[in-house]
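A quick write-up on the structure given underneath.
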């Protein structure tokens, strides 16, 4: 079971890395700018884009807010980048 979960996680994350890179490049942002928005260092963010570090759900959520896309879009579950409406808190 653990191997299956690891396989799924790796497969999904392979979609995330190019999407976050493309979103950043589409805005002409540097890795440093995104790293600053996430309050992390540039090397860590670079490792997210190349897939050498796995990002936490918190980082994934922050990236979706920064880029104004849904987490499902980042994960490759949809090709529609529009975020979902947020409920009232």
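Numbering (our numbering), first residue to last: 21 to 109.
Note that the Cβ used here is the ideal one computed from N, Cα and C, for glycine as well.
#### Entry: Where residue 99 sits in the DSSP three-state scheme
coil
### Message
Since residue 89 and residue 101 should fall inside the 8 angstroms C-beta cutoff, what is the C-beta to C-beta distance between them, to a whole number of angstroms?
### Response
4 angstroms
#### Entry: For residue 78, the nearest candidate out of 86, 72 and 71 (CA to CA)
86
### Query
Does residue 103 get closer than 9 angstroms to chain C when you measure Cβ to Cβ?
The structure shown contains no chain C, having only a single protein chain.
### Query
When DSSP labels each residue in this structure, what does residue 37 get in the three-state scheme?
helix
### Query
Cβ of residue 44 within 9 angstroms of Cβ of residue 50?
yes
### Task
Quick one: residues in its chain with C-beta nearer than 6 angstroms to the C-beta of residue 68, no 5 flanking neighbours on either side, listed in chain order?
75
### Query
The alpha helix (DSSP H) with residue 86 in it runs from where to where?
77-87
#### Entry: Buried or exposed (CB count within 10 angstroms, at least 16 for buried), residue 104
exposed
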